[in-house]
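See below for the structure under consideration.
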Ligand code: SF4
């Protein structure tokens, strides 16, 4: 429920001020998708880092029985936030939720948990087509 959230959401105002970081999960698809978002006025960036730090941040921030794709996505976000390349007050993170049997639907909770202590101001946007979260709709799309 709205008033029970203990994490920030992406607001309409943030559309003008924030860069939405997207993981390199499906590089070609996500690049196409971010082009569409940019057409609608969002500022997006597909992350490119593939350094060892991505794996290290993943191992630091999620439990080691988490699947490797989840570990890499969260590691890539945390590496980006810690790199100094972005102002943590001006970024949001976008993560897909499948809504199916794959545990990818739950990555978003792992990511919010990883952010809680160090970057509690950073909103996470759910990209899903099954109505799990409506964070972009909240932003007035
Ligand atoms: S299918 Fe889903 S849960 Fe399984 S490894 Fe891939 S992303 Fe992870």
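Numbering (the working numbering), first residue to last: 2 to 142.
Using N, Cα and C, we set each Cβ at its ideal position, and we do this for glycine too.
Every residue with a CB closer than 6 angstroms to a heavy atom of the ligand SF4 is listed here in chain order: 68, 70, 71, 103, 104, 105. Taking residue 62 as the centre and dropping the five residues before and after it, the same chain places the C-beta of 75, 79, 115 closer than 6 angstroms to its C-beta, in chain order.
Going by DSSP, residue 79 is part of the alpha helix (DSSP H) stretching over 69 to 83. For residue 83, the closest C-alpha among the options 67, 106, 54, 25 is that of 54. Of the residues assessed, residue 18 falls on the exposed side of the cut-off, its CB having fewer than 16 other CB atoms within 10 angstroms.
The beta carbon of residue 111 is closer than 7 angstroms to those of 63, 67, 71, 75 in its chain, skipping five residues each way along the sequence.
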